[in-house]
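**Q**
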Amino acid sequence: MRTLVLNAGYEPLAVVSFKRALVLVMNRKATVVQIDREHPVWSASGVWERPSVILLTRYVRIPRARAVPVSRRGVLRRDDHRCAYCGKSASTIDHVLPRSRGGRDTWDNLVACCLRCNNVKGDHTPSEMGWNMLVDPRMPQGTGWVMRGVERPLPQWDAYLAPAA
Ligand SMILES: [Zn+2]
């Protein structure tokens with residue numbers, strides 16, 4: 020089980036094991052914000068409430084958000100593995116402005132694409148095809164791209180996590 024750690028300003032900071040979270044709380048480095056009531060911790064000394072979200076008592080400085088490097092996997096993940104043109108399951112990525120026409124490998128020029136659309140589109144732009152784009156491609160932002168462990172967020176974390184880009 021995992022615990023979401025919030026910085027003193029309530030920004031999501033990290034995901035840790037609940038044991039680590041309990042240690043932070045016991046050392047007064049953090050306070051419990053939310054408890055996972057469905058999964059209490061059983062131990063020799065009794066039943067503990069399992070923290071699902073904790074808040075650091077002191078503010079931790081974090082480096083400014085770095086640019087997220089563009090990658091094939093990243094584009095598929097950003098677009099939820101759905102084709103930007105038809106919405107079907109996508110396994111390839113497409114250059115919106117084709118590479119042959121100067122299109123670059125950038126977050127705003129790459130989209131997830133199904134094999135069929137990719138083949139049909141070829142060296143054309145979406146507007147030449149008369150296609151609408153279902154996504155507005157841009158560099159992903161949000162905690163999931165910076166923090167590890169947020170790929171599978173717990174429902175209790177929803178209120179604390181920025182919406183996925
Ligand atoms: Zn498609």
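Residue numbering for the sequence shown follows our numbering, beginning at 20 and increasing consecutively. All C-beta atoms, glycine included, are put in the ideal place defined by N, C-alpha and C.
1) Run through the region 69–99 for me and flag every whole alpha helix (DSSP H) of 4 or more residues, listed as ranges in chain order.
2) For residue 67, which residues in the same chain have their Cβ closer than 6 Å to its Cβ, ignoring the five residues on either side in sequence?
3) Candidates 26, 126, 149: which alpha carbon is nearest residue 52's?
4) The beta strand (DSSP E) spanning residue 62 covers which residue range?
5) Could you tell me the distance, in whole angstroms, from the CA atom of residue 76 to the CA atom of residue 150?
6) Does the beta carbon of residue 56 fall short of 7 Å from some heavy atom of ligand 1?
7) Return the chain-ordered list of same chain residues with a C-beta closer than 6 Å to the C-beta of residue 97, the five sequence neighbours on each side being excluded.
8) Please state if the CB of residue 32 and the CB of residue 72 are separated by a distance shorter than 8 Å.
9) Considering only the beta carbon of each residue, do residue 157 and residue 127 sit closer than 8 Å?
10) Which word fits residue 107, buried or exposed, when buried means at least 16 other C-beta atoms lie within 10 angstroms of its C-beta?
11) Given that a residue counts as buried once 16 or more other Cβ atoms are within 10 Å of its Cβ, and exposed if not, what is residue 113?
12) Say yes only if the C-beta of residue 104 is nearer than 7 Å to one or more non-hydrogen atoms of ligand 1, and no if none qualify.
13) Residue 104 to residue 117, Cα distance in whole Å?
**A** In short, the structure shows the following:
1) Within the region 69–99, the runs of alpha helix (DSSP H) at least 4 residues long that lie entirely inside it are, in chain order, 91–97.
2) As a first step, residue 67 is located in the sequence shown; it is residue number 48 there, counting from the start. 60.
3) Translated into the one-based positions of the sequence shown, residue 52 becomes position 33. Checked all of 26, 126, 149; the closest Cα to residue 52 is 26.
4) Looking up residue 62 in the sequence shown gives position 43. Taken as a continuous stretch (DSSP letters only), the beta strand (DSSP E) holding residue 62 covers 49–62.
5) In the sequence shown, the residue the question calls residue 76 occupies position 57. In the sequence shown, the residue the question calls residue 150 occupies position 131. Between residue 76 and residue 150, the C-alpha separation is close to 51 Å.
6) For the purposes of this step, residue 56 is taken as residue 37 along the sequence shown, with counting starting at 1. Relative to ligand 1, the beta carbon of residue 56 is positioned no closer than 7 Å to any heavy atom.
7) Taking the first residue of the sequence shown as 1, we reach residue 97 at position 78. So the list reads 159, once near-sequence residues are dropped.
8) As a working note, residue 72 is residue 53 in the sequence shown. As a working note, residue 32 is residue 13 in the sequence shown. No, these two residues do not count as a Cβ contact at 8 Å.
9) Here residue 157 is taken as the residue at index 138 of the sequence shown, counted from 1. Here residue 127 is taken as the residue at index 108 of the sequence shown, counted from 1. Cβ atoms of residue 157 and residue 127: closer than 8 Å.
10) As a first step, residue 107 must be located in the sequence shown, where it is residue number 88. Residue 107 is exposed by the Cβ-count criterion.
11) Indexing the sequence shown from 1 puts residue 113 at position 94. Taking a 10 Å sphere around the C-beta of residue 113, we find 16 or more other C-beta atoms and assign the residue as buried.
12) In the sequence shown, counting from the first residue as 1, residue 104 sits at position 85. Yes, since a heavy atom of ligand 1 falls inside the 7 Å radius drawn around the Cβ of residue 104.
13) Position 85 of the sequence shown holds residue 104. Position 98 of the sequence shown holds residue 117. Their Cα atoms are separated by approximately 15 Å.
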